[in-house]
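Novice: One structure, pasted below without further comment.
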Amino acid sequence: MIKFFRRVRQRLLTDNKFSKYLIYAIGEIILVVIGILLALSLNNWKEDLANQGEEERILSGLKQEFEINLAEIIRNIKLNTGTKESTIALILQIRSEDPFANSRYIDSLLNEVYMFGSFDAQTGLVNEVISSGKLSIIRDSELRDRLTAVSGLLDNLEEDYVIRSDYYMYHIIPYTSKYFSLVNQNNFMDFSSWSDTYETFKLNESPFKPKYEEIDLLLFENLIATHKLNNDFVNLDEYDLKKFYMQTLEIINANLESEK
């Protein structure tokens with residue numbers, strides 16, 4: 037009987053020792069897991085901080101890029117609005133009783149019809165963000181969508197620029213060259229919209245007389261009316277792009293404000 041109790045006691049001691057080892061091992065595992073989780077949390081925290089810093093840098097760059105583009109598109113809208121107004125004035129002059137009574141006025145209108153502008157957008161940072169895969173750093177989904185959409189708007193505008201320019205160069209210039217002294221437009225040329233310092237050399241008026249009597253007024257009106265229409269599409273695209281830039285800047289500014 038004594039031997040039996042001794043064996044039971046020995047077993048209990050052995051089982052107790054094993055339980056202690058088991059508890060110790062489980063504790064070690066738990067500590068390792070906690071350590072891994074803490075390391076992952078710290079790494080994620082550092083990564084989040086880095087992404088927040090990168091997002092702020094991207095947003096600040098986008099703000100500058102969009103502000104430059106907005107200012108430039110506003111400048112072009114002004115130029116192309118002037119072109120539209122000059123085409124209307126020229127059409128009204130063509131329809132008047134004596135269209136070419138004032139040759140200087142005609143020359144000034146022909147010059148203004150030509151002084152249309154085109155917009156060359158800055159897209160360096162937008163392209164970098166998209167091509168580098170950094171688009172995901174921007175948390176605002178609407179802003180991400182806008183950054184991917186801007187290229188489509190610019191492509192559409194560029195297409196209308198080409199249509200307008202090609203039509204003017206291949207149809208209006210060849211026609212007006214037959215009947216007008218185009219060199220006289222030089223007296224009304226103004227490059228201040230492009231440069232603060234450049235000054236063009238003013239040529240004397242042409243010694244050659246224009247051939248007003250040979251002009252087909254209907255054809256002339258149609259040419260200018262088509263140029264007006266082409267310019268209207270440009271104006272429409274530019275107004276849409278101006279609105280797009282303004283709305284996107286509001287979103288960018290709101291995101292920058294939330295970063296503070």
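Using this note's numbering, read the sequence shown as starting at 37 and increasing by one per residue.
Where a beta carbon is used, it is the ideal one built from N, C-alpha and C, also for glycine.
Measure the C-alpha to C-alpha separation of Pro-246 and Glu-257 and round it to an integer number of angstroms.
Specialist: Rounded to the nearest angstrom, the two C-alpha atoms are 17 Å apart.
Novice: So Asn-116 and Phe-152 are in contact, right, with Cβ under 8 Å, and what is the actual spacing, rounded?
Specialist: The Cβ separation is near 5 Å, so the contact holds.
Novice: Near Leu-292, what residues of its chain come up, given a Cβ to Cβ distance below 8 Å and the 5 sequence neighbours on each side ignored?
Specialist: The answer, listed in chain order, is Glu-92, Leu-95, Ser-96, Lys-99.
Novice: Report all residues from its chain with a CB closer than 6 Å to the CB of Glu-101; omit the five preceding and five following residues, and keep chain order.
Specialist: Excluding positions up to five away in sequence, the list reads Gln-158, Leu-161.
Novice: For Leu-48, which residues in the same chain have their Cβ closer than 8 Å to its Cβ, ignoring the five residues on either side in sequence?
Specialist: Reliability fails at Leu-48, whose pLDDT of 45 lies under 50, so the model's placement of it is uncertain and the value that follows must be treated cautiously. Hits under 8 Å: none found.
Novice: How is Pro-246 classed by DSSP in three states: helix, strand or coil?
Specialist: Three-state result, Pro-246: coil.
Novice: What does the alpha-carbon distance come out to for the pair Glu-235 and Leu-179?
Specialist: Rounded to whole angstroms, Glu-235 to Leu-179 spans 42 Å at the Cα level.
Novice: Please classify Ile-173 as buried or exposed, where buried requires at least 16 other C-beta atoms within 10 Å of its C-beta.
Specialist: Classification of Ile-173: buried, given that the 10 Å Cβ count is 16 or more.
Novice: Taking just the CA atoms, how far does Leu-190 sit from Asn-289?
Specialist: Straight-line Cα distance between these residues: approximately 22 Å.
Novice: To the nearest angstrom, report how far apart Ser-139 and Glu-250 are at their CA atoms.
Specialist: Rounded to whole angstroms, Ser-139 to Glu-250 spans 15 Å at the Cα level.
Novice: Please state whether DSSP places Met-290 in a helix, a strand or coil.
Specialist: This sequence places Ala at residue 290; Met is not what is there. Of the three classes helix, strand and coil, the one that applies to Ala-290 here is helix, per DSSP.
Novice: Beta-carbon within less than 7 Å of Met-225's beta-carbon, same chain only, minus the 5 sequence neighbours each way: which residues are those?
Specialist: The residues are Asn-147, Thr-236.
Novice: Just to confirm before moving on: does the CB-CB distance between Tyr-197 and Val-270 stay below 8 Å?
Specialist: Taking 8 Å as the Cβ cut-off, Tyr-197 and Val-270 qualify as a contacting pair.
Novice: Give the straight-line distance between the Cα atoms of Leu-145 and Ile-260, rounded to the nearest whole angstrom.
Specialist: Their backbone Cα atoms lie some 11 Å apart in a straight line.
Novice: Flag this pair as yes or no: are the beta carbons of Thr-284 and Arg-175 separated by less than 8 Å?
Specialist: Contact flag unset, no.
Novice: Give me the residue from Asp-268, Tyr-141, Ser-294 with the minimum Cα distance to Thr-119.
Specialist: It is Asp-268.
Novice: Grouping DSSP H, G and I as helix and E and B as strand, with all else coil, what is Gly-118?
Specialist: In this structure, Gly-118 counts as helix in the three-state DSSP scheme.
Novice: With distances taken between CB atoms, is the gap from Phe-136 to Tyr-248 smaller than 8 Å?
Specialist: Yes.
Novice: For Leu-78, count the other beta carbons within 10 Å of its own beta carbon; 16 or more makes it buried, fewer makes it exposed. Which is it?
Specialist: Because Leu-78 sits at a pLDDT of 47, beneath the cut-off of 50, its placement in the model cannot be relied upon, and the following sentence gives the value as read from the coordinates. Exposed, by the Cβ-count rule.
Novice: What's the gap between the Cα of Leu-255 and the Cα of Ser-167?
Specialist: Each residue's Cα considered, the two are about 49 Å apart.
Novice: When the Cα atoms are used, what is the spatial distance from Gly-169 to Asn-163?
Specialist: Going from the Cα of Gly-169 to the Cα of Asn-163 covers about 10 Å.
Novice: Does the distance from the CB of His-263 to the CB of Tyr-203 come in under 8 Å?
Specialist: In contact: His-263 and Tyr-203 (Cβ atoms closer than 8 Å).
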